[in-house]
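**Q** Here's a structure for you.
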Amino acid sequence: MGGMHGFGPVEPEVDEPVFHAPWEGRTIGLMIATGARGVRTGSIRPAIEAIDPAAYLASSYYERWALAVETQVVAGGALTSAEIDERAAAGDVERIRSDATDPDLVAVLRAALDGPCEPSGSPVAARFAVGDRVTVDRMAPAGHHRCPRYVRGVTGDVVRVPGGWPPPGDEGEPEATYTVRFALPDLWGDDAEPGWLFIDLWERYLS
Amino acid sequence: MSAGHHGDGPSPIERRVAALESLLVERGLITSDVVDAVVETYERDVGPLNGARVVARAWVDPDYRQRLLADGTRAIGELGYGGAEGEHLVVLENTAEVHNLVVCTLCSCYPWPVLGLPPTWYKSFAYRARAVREPRAVMAEFGTAPADDVEVRVWDSSAEVRYMVLPLRPAGTDDLDEPALAALVTRDHMIGVVR
């Protein structure tokens, strides 16, 4: 989305609630519960990015999450689209709860969502060092990636090497990431606002 | 945007999410209490008050401030905060010369343990598109106009680091204690749309 025109002003909502309706909270709860229980396959972002572009733009944030969770649950084989369709058409929204509980998982999740943790990021070999000039590769990847279009082909400085994480779409060995600084005019042209853009990029995106 | 639903009764998306949850529960694949716990965590326990307490501590304790800027994750952990979407936190210090602004152009990356779940505008296409191209214009819509000689730094959270802004301590607050200082800090200060 970075740099696109036409979306109008940013419109904050006064006293916005955490969730606007209960189904939004259930959606993030389902996302985390199904992930923790291994009921869905894959990570959530690629599934959101795979949503049809027109549907993506027409959906709300939690609608996109709900769609992604459903897609992954179906992909994992736990449920079929047909049975979800059938249940949704019946509209029996009250028939959700059961008496079964899972206190161990509740305790694990509470600690994982709300408690101190060791900083992530592995100490990995890094090709670049703070102060190096790097250029983002030009590319047009079809699948999941984490290299926004607006920095491709642009040159900046490495300002920090926060550590290594498995690269997106290749959840294997950790790879170095870099915080790279770009001048806004280098991204947007001479009439851009003055200032700097800092962005974290995996080593594979840089030369 | 509730998919154009206007009538009474559950909307299509409400029905769909309810269908998904009820089928998963019936099959014994998940339990309702786990979903409840996630909802409660973000409605009740984890929100911008956590970040405000971190900021207030940094304002009154120079040693803490130094630890916070050097290793955000550990220093925030000292106050009992951390976890999902806060596994590698970097705190960005506003100064008289520098103003920081945080965005995620690719999706909605946000430091959950200190700010809670992001507000709708942070996830909006307008904010994601514009914060990196015209940060001052976006801040102006929040009533914020850093002086011309203030350097604006925009942080696009595109990988695993999550960012939070340490705002400037307001003038005339020398007499305030930590809880009173925390009450001055808003989510928008810690995202950076407000200075």
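If you read the sequences in order, they're chains A and B. Residues in the first sequence are numbered from 5 upward in steps of one, following our numbering. Residues in the second sequence are numbered from 129 upward in steps of one, following our numbering. Cβ coordinates follow ideal geometry from the N, Cα and C atoms, glycine included.
Would you give the residue range spanned by the beta strand (DSSP E) that A/P171 belongs to?
**A** That residue, A/P171, is in no beta strand (DSSP E); it is neither H nor E in DSSP.
**Q** Run through DSSP, which three-state label would B/V174 get?
**A** Coil, per DSSP.
**Q** Residues bridged to A/F202 by DSSP?
**A** DSSP, once it has assigned bridges, lists A/R185, B/W283 as partnering A/F202.
**Q** Between B/P295, B/R323, B/D302, which has its C-alpha nearest B/L196's C-alpha?
**A** B/P295
**Q** So with CB distances below 8 Å, who are the chain B contacts of A/D190?
**A** Within chain B, no residue comes near A/D190; the closest Cβ sits about 12 Å away, beyond 8 Å.
**Q** From A/A37 to A/R30, what distance separates their C-alpha atoms?
**A** Their backbone Cα atoms lie some 10 Å apart in a straight line.
**Q** Please classify A/S126 as buried or exposed, where buried requires at least 16 other C-beta atoms within 10 Å of its C-beta.
**A** Exposed.
**Q** To test your reading of the DSSP string, which unbroken alpha helix (DSSP H) runs of 4 or more residues are found completely within the stretch 146-223 of chain B?
**A** Qualifying alpha helix (DSSP H) stretches, in chain order: 160-168, 176-188, 190-198, 200-206.
**Q** Tell me the residue span of the beta strand (DSSP E) that contains A/R137.
**A** 137-139
**Q** Please tell me whether A/D161 has its Cβ less than 8 Å away from any Cβ of chain B.
**A** no
**Q** Between A/P166 and chain B, is any beta-carbon pair separated by less than 8 Å?
**A** Closer than 8 Å to some Cβ of chain B, the Cβ of A/P166 qualifies, so yes.
**Q** Classify A/S126 as helix, strand or coil using the three-state DSSP reduction.
**A** strand
**Q** Determine the closest residue to A/R91 out of B/V231, B/E154, B/I319, B/A287, with distance taken between C-alpha atoms.
**A** B/E154
**Q** Is the shortest distance between the beta-carbon of A/V134 and the beta-carbons of chain B less than 8 Å?
**A** no
**Q** As a quick exercise: from A/R101, A/H149, A/R164, A/L191, pick the residue whose alpha carbon is nearest that of A/S47.
**A** A/H149
**Q** Got a sec? Which residues, its chain only, sit under 7 Å from A/E28 by beta carbon, not counting five neighbours each side?
**A** Y66
**Q** What does a CB cutoff of less than 6 Å around B/E306 pick up in its chain, not counting 5 residues either side in sequence?
**A** A184, V188
**Q** Going by beta-carbon coordinates alone, are B/V282 and A/L210 separated by less than 8 Å?
**A** no
**Q** Could you check where the alpha helix (DSSP H) with A/L113 kicks off and where it finishes?
**A** 107-117
**Q** Can you give me the Cβ contacts of B/R272 inside the same chain, cut-off strictly under 7 Å, excluding the 5 residues immediately before and after it?
**A** Correcting the residue identity first, residue 272 of chain B is Thr in this sequence and not Arg. Excluding sequence neighbours, B/T272 sits near V321, V322, R323.
**Q** In whole angstroms, give me the CA-to-CA distance for A/R49 and A/A79.
**A** 15 Å
**Q** Please state whether DSSP places A/R164 in a helix, a strand or coil.
**A** Judged by DSSP in its simplified three-state form, A/R164 adopts strand.
**Q** Using a 10 Å radius around the Cβ and a threshold of 16 neighbouring Cβ atoms, would you call B/M292 buried or exposed?
**A** buried
**Q** I'd like to confirm the pairing. Which residues does DSSP put opposite A/L210 in its beta bridges?
**A** Secondary-structure assignment with DSSP links A/L210 through a beta bridge to A/V140.
**Q** Between the C-alpha atoms of B/G156 and A/A51, what's the straight-line distance to the nearest angstrom?
**A** 24 Å
**Q** For a contact meaning CB atoms closer than 9 Å, what does B/G320 contact in chain A?
**A** None at all; the shortest Cβ gap to chain A is about 12 Å.
**Q** In its own chain, which residues sit with a C-beta less than 7 Å from the C-beta of B/L234, not counting the 5 before and 5 after it?
**A** S286
**Q** What residues are listed by DSSP as bridge partners for A/Y66?
**A** Answer is none; A/Y66 lacks a bridge partner.
**Q** What three-state label does DSSP hand A/L61 in the structure shown?
**A** helix
**Q** Along chain A, in chain order, which residues have C-beta atoms closer than 9 Å to that of B/H216?
**A** P123, S124, G125, P166, G167, W169
**Q** If we ignore side chains and look at the alpha-carbon of each, how far apart do B/I204 and B/P140 end up?
**A** 41 Å
**Q** Helix, strand or coil, according to DSSP, for A/E74 in the structure here?
**A** helix
**Q** My output table needs one value for B/E306: the three-state DSSP class, helix, strand or coil.
**A** helix
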